[in-house]
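**Student:** Chains E, Z, Y and U, in that order, give the protein sequences. Each residue of the first sequence is one higher than the one before, starting from 24 at the first, in our numbering. Each residue of the second sequence is one higher than the one before, starting from 24 at the first, in our numbering. Each residue of the third sequence is one higher than the one before, starting from 24 at the first, in our numbering. Each residue of the fourth sequence is one higher than the one before, starting from 24 at the first, in our numbering. This is the structure I want to talk about, given as structure tokens.
There are 4 protein chains.
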Amino acid sequence: MTYQELLDNARKYMQPHCMACPECNGKACTNKMPGPGSKGSGDGANRNYEAWKDIRVNMDTIHPLFEPDTTFDFFGQKMKYPIFAGPVGAVNMHYGDKYNDVEYNNILVKACADAGIAAFTGDGMFQEVLVAASKAIAACGGCGVPTVKPWDANTLKEKFKLVEESNCSVVAMDIDAAGLPFLKNCDPPTGAKSVEELAEIVKMAGKPFIVKGIMTVKGALKAQKAGAKGIVVSNHGGRVLDQCPSTAEVLPDIADAVGDDMMVLVDGGIRSGVDVFKALALGAHGVIIARPYVTALYGGVEEGVKFYTEKIGQELADTMKMCGAKSLADINEEMIWW
Amino acid sequence: MTYQELLDNARKYMQPHCMACPECNGKACTNKMPGPGSKGSGDGANRNYEAWKDIRVNMDTIHPLFEPDTTFDFFGQKMKYPIFAGPVGAVNMHYGDKYNDVEYNNILVKACADAGIAAFTGDGMFQEVLVAASKAIAACGGCGVPTVKPWDANTLKEKFKLVEESNCSVVAMDIDAAGLPFLKNCDPPTGAKSVEELAEIVKMAGKPFIVKGIMTVKGALKAQKAGAKGIVVSNHGGRVLDQCPSTAEVLPDIADAVGDDMMVLVDGGIRSGVDVFKALALGAHGVIIARPYVTALYGGVEEGVKFYTEKIGQELADTMKMCGAKSLADINEEMIWW
Amino acid sequence: MTYQELLDNARKYMQPHCMACPECNGKACTNKMPGPGSKGSGDGANRNYEAWKDIRVNMDTIHPLFEPDTTFDFFGQKMKYPIFAGPVGAVNMHYGDKYNDVEYNNILVKACADAGIAAFTGDGMFQEVLVAASKAIAACGGCGVPTVKPWDANTLKEKFKLVEESNCSVVAMDIDAAGLPFLKNCDPPTGAKSVEELAEIVKMAGKPFIVKGIMTVKGALKAQKAGAKGIVVSNHGGRVLDQCPSTAEVLPDIADAVGDDMMVLVDGGIRSGVDVFKALALGAHGVIIARPYVTALYGGVEEGVKFYTEKIGQELADTMKMCGAKSLADINEEMIWW
Amino acid sequence: MTYQELLDNARKYMQPHCMACPECNGKACTNKMPGPGSKGSGDGANRNYEAWKDIRVNMDTIHPLFEPDTTFDFFGQKMKYPIFAGPVGAVNMHYGDKYNDVEYNNILVKACADAGIAAFTGDGMFQEVLVAASKAIAACGGCGVPTVKPWDANTLKEKFKLVEESNCSVVAMDIDAAGLPFLKNCDPPTGAKSVEELAEIVKMAGKPFIVKGIMTVKGALKAQKAGAKGIVVSNHGGRVLDQCPSTAEVLPDIADAVGDDMMVLVDGGIRSGVDVFKALALGAHGVIIARPYVTALYGGVEEGVKFYTEKIGQELADTMKMCGAKSLADINEEMIWW
């Protein structure tokens, strides 16, 4: 399998929702919803993608020859690469009806675990999505991160019970989902949480808790204050609010602010192992890649997911060799140019 | 009605003057006059539009859940949103002969008032435009802002008499109209006003007075010195002078300079509620949107105007929720990235 | 006559050498030589043009109403506008064989004088060009600026004798012509001049002397030291050296350095009265426009030249009104945004 | 021969691998491998090319007339221009099967020597390439720079024996070749070298040693510490690591850091004598041009190589005349604008 073949195959199932572009940069799908596009003027995904291109890597091959160690400790789980497949929901609506959310997560969670990484799973209107995701994660020994929407406290209590089945070691919430159309008119209302409410939720979860959708230093510090153990610097690929800054632009200050106690992940337009390297150099511990994993799965099922993971992971390893980083901890700001 | 349908319908009446583009950015109509385009090299409207895109909003949903309050006190009148429809003149010439200025203003003023906002009405060569606009505003209980051209003192005296009929609470003058071709060769001459002349005019108006067409700190301070209660930071959409800076570029310094005593409005390329949010974060109290209201009216008559107002207003409300601003007063510079 | 008609007509005679583009920006003729294009990568003319677009004008119409005074004292001659038609040579080769240099200068010099401005005339391989140009200038009472190439001293002595016939009050030399192919292999060699050589030439000229082709502060100070009374900040439209900075970029420092004793002109991509205004705000006393005058002449003969002069001149007057500059001396750096 | 004819002829043999573009800027071949394109996102070559365009030259022709001296002392060899043809390998695969590496080097080395400059020759999987290159260099009196890959110490010992035959005065190693696919899985492993290993290699070479592929100050200082007499600031045209900075961006700091003791060459997107001038102004002593020499050779064999060398060399001489640099040593940072 080549990446081109994977894309060609994916296109059969995903068009016209997603064009499975050679580089997934948000241009062909600007403002397409349903579809993978971003909201409003639709430049959110473009900016995410382009911001990484403005950061360059400092090649230096005068160092001892080594095989780079790309492994990553994720709350006690050893991952092969600091790469996660992102949570997506309503795949049939946004990417084509070859799969529904349950089928999609079943394939994704296992394929990722087999590839040595973990998938974040999505949450939705229908309970069954989370039920199935939890089962899939459980079947992989807890390798996966169930991600719940910012429901009201009672709903969340039920959600966390389902999550419990997954045997996962971490749970996440995409708190920015407040901006998704389908969550707007919920009763009881969903969305934003005060620090106090979030602290309650973190306790209720009973596991290390990751808040996804942080774009400011203030927000990161509030998540930290609420007891979260990790954050995902994310603007939800431009799908919840139009015209945010790119995640690469805000990452360095946020990573600096939270210090070393928190797990910092980042998503948005990361499309190669070189980009992963840059994210780590800017202070992230790992990255989430979302849309391209959908393409990989639609185009190549389990094999596609594994192939894509190895592609990105090996690009990261190559970059580490060419810049002199033996392990992920060696990757630092001096290794990039911006 | 969707916005797409509204645009499709508008295009029937507006082409080839205006193409009713999905995003009204001044590109398709560069230097088209008559038509909606801007003057000379025609990049005035483009730059206005693009400058807003360079300002990004800081998403943060860790805060108590609230319903944002978008209401706005405009010289004692309570508005649903800090949004005004802009004054336009010679609509039949610039946008298509479905309407003349009298018909256009009649529809616009009432539809805006019904939608909870106010329209600025234009002024022209023919007395009847202002007569009719004043009547339309009066019929809506004074909801509307009659806008006069910078005529000589005697002509203005007559204009203000007509304005009196409108029962409006504010009156405006687009002092930059000096640069419009049709005002160039007037006798007596029209155009620029000294601070002293402007002070006389402000007195003559006998109501809170807004000077539209301010692009410099100096100009703003002169308007303030002349007794104006408000300004509109505006380059007339590029139609009176080629190659001005964009309004977003000059707004922050101007808003800082005039302090809190003046009502600061801004126009030029504001095309979404996210843009409205940014304008307020940069120091404006409200915004004027001109060309897209013409499109909304040509494409959907009263309903179009109301639909468009709700579209922009709800986008503003969404942005407030996603950035943690409960009321317009909460929107501040920390909520944007630039 | 409209400008569009003038261009349409010009195109008949100038294609394929020059496309008489709506805005003459060096894009359609990149690296076309013979033709109007610039040398090498050909981005010299583009950059000149674009640099002016990055400078914006500060509209402010709160000031007394006035008719702007655009007149300009050019070494004792009163000009209607601070605008000069530029020197061009080998017009038949570069712009089409409707005219040769002698015919071209005959028309241009008279039309400019009639329009209240002056033309710079070019110099070339054949003596007759300067002979005819001098006669044409003499016939207009000395209104015109003969421009000689940087020949060797003996040749220049003869050239200045011819120039004497013109009764002109100023003479110029395009010292950067060293980079033109046709001057490269002259015997005796032509081109660069030391300060001492230049001082000799200035004396020999016996009139106020302008050095054209200054792009650095150092060069300007050397011209001043050699006794020149004026300089033209110019990169010869990109035709003598590839990849110079734009003239707008280097003008401010140069104007600052030479102080008020020297006449500072600038050329390169100035295509509207708004651009002329900006050049003056950046420290120039006047501007030279070259290619568009060729188009005006090919497209409209004498009338074309006059029409184009009034077009640019009136745009300058409009800009002065809209920015509050009563006379050219009032135009200052506070009136632009950059 | 014109350059256009040379390109037209080259295209016959090089398409579809290389399009022999009028300006070789990496755009038509983005990410084409095999082929001349760069790796990954493929913007490496583009950025190299464009960075030079952002640096402009300061024209100043007020100076004594001179014939510029472009000669260059390269480790005791007098070169006509500070220009080298770059090492390429697997030409049949990347550029078309008109030539193989042995044939290509045979023509290139001699043509360069005849033109007064030197060629770097490539190294590959097959011993015969270096054998033949060494013979070709020997036949030209040692004019040429054999360039070896970063093999393991034993392999290098053999390579250096072959190099000995060439009678060359300098030898080079492209240490960044670690990132080339064909070197990845070698046994014993090839690639990065520690300072100590490099110092051993430098000694083993027994001649002045140039390390090619330096992109950081740190790397340059390590090469210096290892005893190298020269470096080539190079990102291998984007072919070994995606998304490096451009060489023009990193050159000035590196040249500053190593001081005057080291020979500093630079490659990447240098496509004219004006670019060569800029490189020298930024601190380089000479430049390497790779892809265009392939085109010159495929399109014009020996004559093509000589023609291209004279083209670039004369452009450099012209630029020196127009900026007042009598010799290469006169070219300094004051002569550029950036």
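Here a beta-carbon is modelled for each residue, glycine too, at the ideal position from N, C-alpha and C.
Which runs of the alpha helix (DSSP H), 4 residues or longer, sit entirely within the stretch 195-274 of chain E?
**Tutor:** The qualifying runs are 204-207, 218-228 and 240-248.
**Student:** Examine chain Z for any beta-carbon lying closer than 8 Å to the beta-carbon of D367/Y, and answer yes or no.
**Tutor:** Nothing can be reported for residue 367/Y: it is not among the residues displayed for chain Y, which extend from 24 to 361.
**Student:** Excluding five sequence neighbours on each side, which residues of the same chain lie with their C-beta closer than 8 Å to the C-beta of N123/Z?
**Tutor:** Around N123/Z: V114 and N115.
**Student:** Which residues does DSSP pair with S295/Z in a beta bridge?
**Tutor:** In the DSSP output, where bridge partners are listed per residue, S295/Z has none listed.
**Student:** Got a sec? Which residues, its chain only, sit under 6 Å from A43/Y by beta carbon, not counting five neighbours each side?
**Tutor:** L30, A33, R34, M37 and T318.
**Student:** If you draw a straight line from the alpha carbon of M24/Y to that of K101/Z, how long is it in whole angstroms?
**Tutor:** Their backbone Cα atoms lie some 53 Å apart in a straight line.
**Student:** May I ask you to report which of helix, strand or coil DSSP gives S157/Y?
**Tutor:** The answer is helix: DSSP assigns S157/Y an H, G or I state.
**Student:** V263/U CB to nearest chain E CB: under 8 Å?
**Tutor:** By this cut-off, V263/U is an interface position.
**Student:** Can you look up Q100/E in the DSSP assignment and give me helix, strand or coil?
**Tutor:** Reduced to three states, the DSSP call for Q100/E is strand.
**Student:** Return the Cβ separation of G291/Y and G260/Y in integer angstroms, given the expectation that the two are a contact with Cβ distance under 8 Å.
**Tutor:** Yes, they are in contact, since the Cβ atoms of G291/Y and G260/Y sit about 6 Å apart, within 8 Å.
**Student:** Using 8 Å as the Cβ pair cut-off and three pairs as the minimum, do the stretch 279-288 of chain U and the stretch 67-86 of chain U touch?
**Tutor:** The stretch 279-288 of chain U vs the stretch 67-86 of chain U: no contact.
**Student:** Jot down the residue ranges of each uninterrupted alpha helix (DSSP H) in the stretch 97-141 of chain Z, minimum 4 residues, whole runs only, in chain order.
**Tutor:** Whole alpha helix (DSSP H) segments, 4+ residues: 114-118 and 124-138.
**Student:** Do C41/U and Y118/U come within 8 Å of each other at the CB atom, strictly closer than that value?
**Tutor:** Yes, these two residues count as a Cβ contact at 8 Å.
**Student:** Straight-line CA distance for A222/Y to A302/Y?
**Tutor:** Near 28 Å, if we compare the C-alpha coordinates of A302/Y and A222/Y.
**Student:** Give me the chain Y residues within the contact set of K344/U, using Cβ-Cβ distance strictly less than 8 Å, ordered along the chain.
**Tutor:** Here the neighbours are A201, G202, G214 and A215.
**Student:** Judging by CA-CA distance, which residue of V256/E, D276/E and S217/E is the nearest neighbour of K248/E?
**Tutor:** The residue with the shortest Cα to Cα distance from K248/E is S217/E.
**Student:** Is there contact here, the stretch 204-212 of chain Z with the stretch 233-242 of chain Z, by at least three beta-carbon pairs under 8 Å?
**Tutor:** Judged by Cβ distances under 8 Å, the stretch 204-212 of chain Z makes no contact with the stretch 233-242 of chain Z, as fewer than three pairs qualify.
**Student:** Tell me where the alpha helix (DSSP H) around T318/E begins and ends.
**Tutor:** Where T318/E is concerned, the enclosing alpha helix (DSSP H) stretches over R314 to C346.
**Student:** Chain Y beta carbons: is any one of them nearer than 8 Å to that of V193/U?
**Tutor:** No, V193/U does not count as interfacial toward chain Y.
**Student:** So P268/U contacts chain E; which residues on that side make the cut at Cβ distance below 7 Å?
**Tutor:** What P268/U touches in chain E: R79 and W360.
**Student:** Let me know the secondary structure DSSP gives T84/E once reduced to three states.
**Tutor:** Reduced to three states, the DSSP call for T84/E is coil.
**Student:** Go ahead and pull the three-state DSSP assignment for G282/Y.
**Tutor:** DSSP places G282/Y in helix when its eight states are reduced to three.
**Student:** Can you tell me whether DSSP reads T170/Y as helix, strand or coil?
**Tutor:** Strand.
**Student:** For a quick check, are the C-beta atoms of M82/E and M345/E less than 8 Å apart?
**Tutor:** In this structure, M345/E lies closer than 8 Å to M82/E by Cβ.
**Student:** In terms of DSSP beta bridges, what is G309/Z paired with?
**Tutor:** L288/Z, per the DSSP bridge assignment.
**Student:** Determine the burial state of A141/E: buried for a count of at least 16 other Cβ atoms within 10 Å of its Cβ, exposed for fewer.
**Tutor:** When all chains shown are included, A141/E counts as buried.
**Student:** Whose CA, out of L179/E, G202/E and A201/E, lies closest to the CA of V194/E?
**Tutor:** Ranking the options by Cα distance to V194/E, first place goes to L179/E.
**Student:** Since L362/U meets chain E, which of its residues come closer than 8 Å, beta carbon to beta carbon?
**Tutor:** Because residue 362/U is not part of the residues shown, which for chain U are 24 to 361, the question remains open.
**Student:** Can you tell which of T144/E, D175/E, P212/E and A74/E has its C-alpha closest to the C-alpha of V186/E?
**Tutor:** Minimum Cα distance to V186/E is reached at T144/E.
**Student:** Determine the DSSP secondary structure at F300/Y, reduced to helix, strand or coil.
**Tutor:** Of the three classes helix, strand and coil, the one that applies to F300/Y here is helix, per DSSP.
**Student:** Under 8 Å between C-beta atoms, does M286/U make it to chain Y?
**Tutor:** Output row for M286/U: interface = no.
**Student:** I160/U and V125/U look like a contact to me (Cβ under 8 Å); what is the Cβ gap, rounded to whole Å?
**Tutor:** Rounded, the Cβ-Cβ distance is 13 Å, inconsistent with contact.
**Student:** Taking DSSP's pairing of strands, which residues face R79/Y in a bridge?
**Tutor:** W360/Y.
**Student:** Does DSSP put F149/Z in a helix, in a strand, or in coil?
**Tutor:** It is coil, neither helix nor strand.
**Student:** Scan the stretch 38-50 of chain U for residues whose Cβ lies nearer than 8 Å to a Cβ of chain Y and list them as they occur along the chain.
**Tutor:** Here the close residues are E46.
**Student:** Tell me which residues share the same chain as I311/U and place their Cβ nearer than 7 Å to its Cβ, disregarding the 5 neighbours each side in the sequence.
**Tutor:** These residues qualify, in order along the chain: F107, G109, F143, V255, L288 and D290.
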